[in-house]
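Mind the numbering: the sequence shown is residues 1 to 531 in the UniProt record's numbering, read in order. These notes are about the structure you will find just below.
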Amino acid sequence: MFAKPSQEQIVLLITIALLVVFGLTLNGFASVSNLLNLLRSISILGVLGLGMGLIVISRGIDLSEVAIMAGSWAIALIYMQNGMPVFTAVLLALAIAVLIGVVNGVMVAFVEAPALFVTLAAGFVIYGLAFWIAPAWVVYAPKDAPGLMYLGAGRLFGIPVPILVFAVCAIAAPIKKKSNQSKEFCVEETMKTTKFWTILLAGVTLAAMPFAASAQEEGTKAGRELRTAYDKSLQGKTIAYLPIALGVPLSDEWGRVVQEEAEWRGMKYVVRDPNNNPSAMQQALTALVDQKPDVLIVQNPSVTLLMKDLKRAESQGTHVIQVNMASNYKSGAFVGVDWREIGRMLANEAVKACGTGSGKSGKVQIVQGELTAAASVDQVGAIMEVLNKDPNIKVVSNQAANWDANTALNITATVIQQHPDLCASIGFWGIMESGAAQAIRNAGKIDDVKVFASGEGSQLDCDQVTSGNFSKFLSYKATEQGHDLMFAAETLLMSGDKPGTKNLSYYTRPIWIDKSNASLGGTCFALPKKN
Numbered sequence: 001m002f003a004k005p006s007q008e009q010i011v012l013l014i015t016i017a018l019l020v021v022f023g024l025t026l027n028g029f030a031s032v033s034n035l036l037n038l039l040r041s042i043s044i045l046g047v048l049g050l051g052m053g054l055i056v057i058s059r060g061i062d063l064s065e066v067a068i069m070a071g072s073w074a075i076a077l078i079y080m081q082n083g084m085p086v087f088t089a090v091l092l093a094l095a096i097a098v099l100i101g102v103v104n105g106v107m108v109a110f111v112e113a114p115a116l117f118v119t120l121a122a123g124f125v126i127y128g129l130a131f132w133i134a135p136a137w138v139v140y141a142p143k144d145a146p147g148l149m150y151l152g153a154g155r156l157f158g159i160p161v162p163i164l165v166f167a168v169c170a171i172a173a174p175i176k177k178k179s180n181q182s183k184e185f186c187v188e189e190t191m192k193t194t195k196f197w198t199i200l201l202a203g204v205t206l207a208a209m210p211f212a213a214s215a216q217e218e219g220t221k222a223g224r225e226l227r228t229a230y231d232k233s234l235q236g237k238t239i240a241y242l243p244i245a246l247g248v249p250l251s252d253e254w255g256r257v258v259q260e261e262a263e264w265r266g267m268k269y270v271v272r273d274p275n276n277n278p279s280a281m282q283q284a285l286t287a288l289v290d291q292k293p294d295v296l297i298v299q300n301p302s303v304t305l306l307m308k309d310l311k312r313a314e315s316q317g318t319h320v321i322q323v324n325m326a327s328n329y330k331s332g333a334f335v336g337v338d339w340r341e342i343g344r345m346l347a348n349e350a351v352k353a354c355g356t357g358s359g360k361s362g363k364v365q366i367v368q369g370e371l372t373a374a375a376s377v378d379q380v381g382a383i384m385e386v387l388n389k390d391p392n393i394k395v396v397s398n399q400a401a402n403w404d405a406n407t408a409l410n411i412t413a414t415v416i417q418q419h420p421d422l423c424a425s426i427g428f429w430g431i432m433e434s435g436a437a438q439a440i441r442n443a444g445k446i447d448d449v450k451v452f453a454s455g456e457g458s459q460l461d462c463d464q465v466t467s468g469n470f471s472k473f474l475s476y477k478a479t480e481q482g483h484d485l486m487f488a489a490e491t492l493l494m495s496g497d498k499p500g501t502k503n504l505s506y507y508t509r510p511i512w513i514d515k516s517n518a519s520l521g522g523t524c525f526a527l528p529k530k531n
């Protein structure tokens with residue numbers, strides 16, 4: 001008869017079986033490097049296990065061990081980064097662990113408070129202290145601490161040092177059996193004294209764990225190298241922004257996001273405001289190109305005006321990103337909407353409201369922006385393709401308001417007088433179309449005429465919907481476009497490619513805003529507070 005296997009033997013057999021199965025089924029599992037990595041990972045848990053083992057021997061429990069390990073070293077690493085010598089910081093971590101161990105030991109062994117509650121409370125206190133001093137989820141060891149880094153990521157005779165650290169801790173751990181006849185662990189002092197020293201030793205053991213845990217430095221090393229390469233590509237670079245005009249939510253939101261993102265990356269942000277003057281914009285662009293920024297973001301007023309200087313900028317080494325309204329010159333990147341998609345979506349809503357079977361007049365007006373702008377050229381073409389398919393639709397006005405609300409108001413006031421049974425108005429920009437909506441309201445027709453517009457999705461646009469001026473609004477989310485602009489700039493700079501050799505596109509998915517979501521937080525971006 002075979003003797004009944006012990007728990008240790010059962011665990012060992014299961015471990016061997018798993019190793020054999022994984023070795024046969026997983027490529028590379030049995031390689032030396034992989035086995036060393038496994039041992040290194042196990043060593044981290046092993047040091048934790050030793051600390052808990054010391055407690056379990058004395059029939060106790062400690063819920064603060066992870067907090068002791070993480071908290072003491074988070075505090076020490078923050079002080080290292082602030083200039084504290086490495087040796088002093090190491091002593092600080094050990095002192096914190098010893099102090100916590102003393103407090104836990106006294107409370108459990110002599111005050112006789114339940115270990116469960118004492119150590120749980122200690123864990124919360126340690127975490128709170130650590131986050132107060134080091135308010136971050138990840139704290140790295142400074143690069144000027146090679147000894148500390150060696151303990152975590154170094155190798156001795158090809159063996160990862162954390163494995164050796166665990167081995168030393170395991171050999172030095174004061175665990176022994178009383179005799180072959182007894183399976184109880186012995187203690188040489190009184191039970192109270194034993195509990196005190198056991199909890200204290202557990203704290204000290206856990207304080208050593210970050211030496212093994214920093215073995216993950218080999219993993220984070222790749223992350224650090226990536227961040228170093230990232231910073232090298234971006235820090236110190238200049239990003240210039242040239243909108244048609246500032247002082248409007250669309251261009252202001254682009255600029256706000258790009259500036260915040262650029263400054264976080266250590267980039268210099270430059271902006272010019274031509275104040276909706278094409279001549280001033282061309283002069284500003286010429287001057288910016290001469291200054292040779294690393295990245296140039298441009299909102300084109302027309303498809304032809306700035307082509308020459310955009311091409312010159314890329315030939316001189318500047319990456320050019322065109323936003324929302326492209327020119328006939330394809331630069332390194334375009335960020336914005338597909339105006340033909342916008343046009344089709346607006347036109348489809350007009351057909352639903354005024355087309356065959358609606359019982360309406362079918363009369364529609366179109367309020368364009370600048371006739372030569374890409375937003376107008378592409379949008380009106382797509383709109384007409386959709387509207388012409390429905391025989392009930394009649395376009396009674398198709399005029400340019402040049403992005404101006406007052407001009408849109410005057411145009412629409414005339415149209416509504418000539419066509420009091422107007423069914424719908426389609427505007428190419430929310431702020432401009434708000435003038436058309438006001439003319440319709442002034443005529444007492446706001447409940448009869450459907451008003452559709454598109455734009456950046458600011459709170460002004462949501463307010464137009466909730467007030468009833470806009471029936472529906474198509475938002476292309478300027479905040480999201482601002483982030484896309486920065487993403488495009490990152491991609492171009494980090495690629496290392498010569499400006500002008502790429503033609504990247506970042507299109508924005510438009511969303512409808514109506515009374516069902518206009519009042520929901522986050523649907524529209526907030527306008528900056530005026531000082």
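The C-beta atom is built at its ideal place from N, Cα and C for all residues, glycine as well.
Under 9 Å between C-beta atoms of residue i and residue j
| i | j | result |
| --- | --- | --- |
| F443 | A413 | The question names Phe, but residue 443 in the sequence shown is Ala. Cβ atoms of A443 and A413: closer than 9 Å. |
| V271 | L296 | no |
| P278 | S302 | yes |
| K450 | E349 | yes |
| C423 | V386 | no |
| N392 | C354 | yes |
| Q322 | L305 | no |
| A489 | I239 | yes |
| F470 | S434 | yes |
| V396 | Q418 | yes |
| G430 | S454 | yes |
| W403 | N300 | no |
| Y507 | V377 | no |
Where the alpha helix (DSSP H) containing residue i begins and where it ends
| i | result |
| --- | --- |
| G435 | 430-442 |
| L91 | 86-105 |
| H319 | It is not in any alpha helix (DSSP H) - H319 instead sits in the beta strand (DSSP E) that spans 319-323. |
| K308 | 307-315 |
| Y79 | 65-81 |
| residue 533 | Look at the range of the chain in this structure, 1 to 531, and you will see that residue 533 is not part of it. |
| E480 | 478-495 |
Nearest residue (CA-CA) to residue i, options the options
| i | options | result |
| --- | --- | --- |
| S43 | F452, G28, V258, V165 | V165 |
| A405 | M494, V367, F525 | V367 |
| L91 | A76, I100, N104, G83 | A76 |
| I171 | G46, S72, P160, P278 | G46 |
| D62 | A400, A109, Q282, T372 | A109 |
| L242 | A229, I383, P293, D421 | P293 |
| N104 | V125, V380, K308 | V125 |
| S233 | G247, I426, D290, L492 | L492 |
| K334 | I446, G247, G500 | Checking the sequence shown, residue 334 turns out to be Phe, not Lys. Checking every option, the nearest Cα to that of F334 belongs to G500. |
Simplified DSSP state of residue i, which is helix, strand or coil
| i | result |
| --- | --- |
| T238 | strand |
| V11 | helix |
| G457 | coil |
| N398 | strand |
| R509 | coil |
| Y329 | coil |
| A245 | coil |
| Y230 | helix |
| L504 | strand |
| P162 | helix |
| R155 | strand |
| K450 | strand |
| V337 | coil |
| K292 | coil |
| V21 | helix |
| V271 | strand |
| I61 | coil |
| G427 | strand |
| V303 | coil |
| T198 | At T198, the pLDDT of 48 sits below 50, so the modelled position is not reliable; the number obtained from the coordinates is stated separately. Looking at T198 - three-state DSSP - the assignment turns out to be helix. |
Enclosing beta strand (DSSP E) for residue i [first to last residue]
| i | result |
| --- | --- |
| G403 | The residue you asked about is not Gly; residue 403 is Trp in the sequence shown. Segment: none, W403 is in no beta strand (DSSP E) and carries neither H nor E. |
| Q365 | 363-368 |
| S516 | No beta strand (DSSP E) contains S516, which DSSP labels as neither H nor E. |
| S475 | 472-475 |
Own chain, CB closer than 8 Å to residue i, minus 5 neighbours either side, in chain order
| i | result |
| --- | --- |
| S6 | none |
| R256 | G482, P528 |
| V204 | Since pLDDT at V204 reaches only 49, below the 50 mark, its modelled position is unreliable, and no value is offered. |
| W137 | Because W137 sits at a pLDDT of 48, beneath the cut-off of 50, its placement in the model cannot be relied upon, and the point is left open. |
Sequence-distant residues of the same chain with beta carbon closer than 6 Å to residue i, five excluded per side
| i | result |
| --- | --- |
| G521 | none |
| G343 | Q379, A382, I383 |
| A280 | P274 |
Neighbourhood of residue i by C-beta distance below 7 Å, restricted to the same chain and skipping five residues each side
| i | result |
| --- | --- |
| E263 | Y269 |
| L288 | A240, L242, R272, L296 |
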